[in-house]
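This report refers to the structure that appears directly beneath it.
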Amino acid sequence: MIADQQIADIQALESCIGKAPGALDLKVIDHLDRWAHIWIASSTLLIAGFGASAQHDAPASIGITLAGGRCGFVTAPTPGQLSIPLHALDDAELAVPGCGFGGLFLSPGWGETLRVNGRVATVEAGMVRITVEECFLHCAKALIRSEFWKAQPVTTPTPTAPAEFAESVRFLALATINERGHADVSPKGDPAGTLLKIAEGEARFAERPGNRRADSFRNMLTQPRAALLLIIPGSPQVASISGNARMVTDPALREAFMVAGKIPALVTQLRDTDIRLYTSQALQRAPLWPAGERAPGIEPAKIFTDHVKLSKERGLQASLARGLLSVPGLMRRGLDQDYKHNLY
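Every letter in the sequence shown is one number past the one before it in numbering that gives the first Met the number 0, and letter 157, counting from 1, is 156.
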C-alpha cells in the first residue's frame, strides 16, 4: 500500500504548490467585455460544468458535458448573460435553474481558453440562459502540452476499456464546485500516458504549472465531489468520470506522472468513481480537427492586459500591476517566456 499523505487544508495546499500571487484576481472581470464577445463568437466548443452545493436533503453534485457547433452557436445577448442552445449540449439534463455553471470556451487554433462562471437563470424555449459572475482568460499551457490543435481526425478504433482509454487521453477538463455552489471548469493537458491513470478503482491525475489560481483545489478541499471530461484530440469518443476527490503528495504516485524529468507537486485521486464512455455529438458538430486558421481579431496578450485594467480590484498591488502592463509588449513577452520555460 502507498502511504497516505493527503492534503487536508489550505495551509498544506499552499505549502505544496505555493501561495497564489496577490494580484492574480486582477485578470478576473464580472461581465463579458468586447474581447469575451469576440472569443465566444469564434468558439466551436464549450466544456460546461453544472452543479449544486450540499443541501440539508441532498449531497453536493457536479456534472460535466460538452456543447458544440459552428462559430457563434453560443451567444451573449448582454454583458451579463450567456445563451446556450439545449440541443448543443450532450447532457442537457445537467442544466437546472439555480445551479452553478462553469464554462470553458475553446477557439480553434488558440491555446488560451476563456473561462466564464455563473448560474443557470432559466431553461426555457430551447435555451439555457446563464447569469455571468466571472470571466477571465486562461493560459495556453494545457492545450500546448496536449498538442490539442495538432491532432488529425482519428480513423482507428479508440479503446473501450476505461483504463486503456485513459492511457490515450491527452486533454481533460475538471469540474468542481464549492460550498456556496459556485462551479468551475479547469483544463489540463499532457502527453498520452502521463495525463490520467485508472488503477486500484480510482482515477488519478497530476498538477502541472498553470495559472496558480488553484480554484479547483480550493473547491475540492471544501466540497470533494468532482467530475472529469476526457478527450483524445481528433476523436469524437470521450469519457466522463465523477467521484470524490482527494489530493495527495505520495512520492510513488507523483513519480508515475513524471514528464521531461519533472515530478508534479501533487496528484489528485478520484474515488468511488462512475465512468461513462460515449460518442460526443457535440464534438461531431464542432469543426475542431484538423484545426483551420485561427479566428481573426483575437489577441490573448491584449485580452489579459485589458482584463487587468477592467478588474475592480484596488490597492497598491493592483496599481503597480496596471502600471507595469502599460509597458508595450510586456505581457506578450511574459507569456512567451512562460510557455517556453514553465510547462513542467
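C-beta: ideal position from N, C-alpha, C; glycine also.
Counterpart residues of residue 297 in DSSP-defined beta bridges: Answer by DSSP bridge pairing: none, since residue 297 is not bridged.
Which residues bound the beta strand (DSSP E) around residue 71? Counting along the chain, residue 71 falls outside any beta strand (DSSP E), and DSSP gives it neither H nor E.
Measure from the alpha carbon of residue 130 to the alpha carbon of each residue in 154, 96, 145, 146, then state which is nearest. 96
Can you confirm whether the region 52-69 touches the region 27-40 when touching is taken to mean that 3 or more C-beta pairs between the two stretches lie within less than 8 Å? no
Which residue marks the beginning of the beta strand (DSSP E) containing residue 243, and which one marks its end? 236-247
Same chain, Cβ closer than 6 Å to residue 91, neighbours up to 5 away in sequence not counted: 85
Please give the ranges of any beta strand (DSSP E) in the region 70-116, keeping only runs that are unbroken, at least 3 residues long and fully inside the region. 74-77, 80-84, 99-105
Residue 122 - partner residues in DSSP beta bridges: 127
Is residue 277 helix, strand or coil when you go by DSSP? strand
Can you tell me where the alpha helix (DSSP H) with residue 143 in it begins and where it stops? 140-145
Taking only three categories from DSSP, how would you classify residue 307? helix
Using three-state DSSP, classify residue 52 as helix, strand or coil. coil
Ordered along the chain, which non-local residues of its own chain (more than five positions away) have a Cβ less than 7 Å from that of residue 280? 89
Rounding to the nearest angstrom, what Cα-Cα distance links residue 248 and residue 76 in this structure? 45 Å
Taking C-alpha atoms, which residue in 98, 110, 244 lies nearest to residue 147? 110
Residue 235 and residue 278: beta carbons closer than 8 Å? yes
Is it the case that the Cβ atoms of residue 81 and residue 115 are separated by a distance below 8 Å? yes
For the alpha helix (DSSP H) holding residue 339, just list the boundary residues, first then last. 329-340
Could you name the residues that DSSP lists as bridge partners for residue 183? 175
For residue 72, the nearest candidate out of 99, 56, 38 (CA to CA): 38
Nearest CA to the CA of residue 225: which residue from 171, 289, 117, 19? 171
DSSP three-state label for residue 29, please. coil
Exposure of residue 206, with buried meaning 16 or more beta-carbon neighbours within 10 Å: buried
Should residue 337 and residue 258 be called a contact, given that it needs their Cβ atoms to be closer than 8 Å? no
Burial state of residue 340 (16 or more Cβ within 10 Å): exposed
Look up residue 194 in the DSSP assignment and say whether it is helix, strand or coil. coil
For residue 25, count the other beta carbons within 10 Å of its own beta carbon; 16 or more makes it buried, fewer makes it exposed. Which is it? buried
Cβ shell of residue 137 (< 7 Å), same chain only, five flanking positions each side left out: 111, 112, 114, 186, 210
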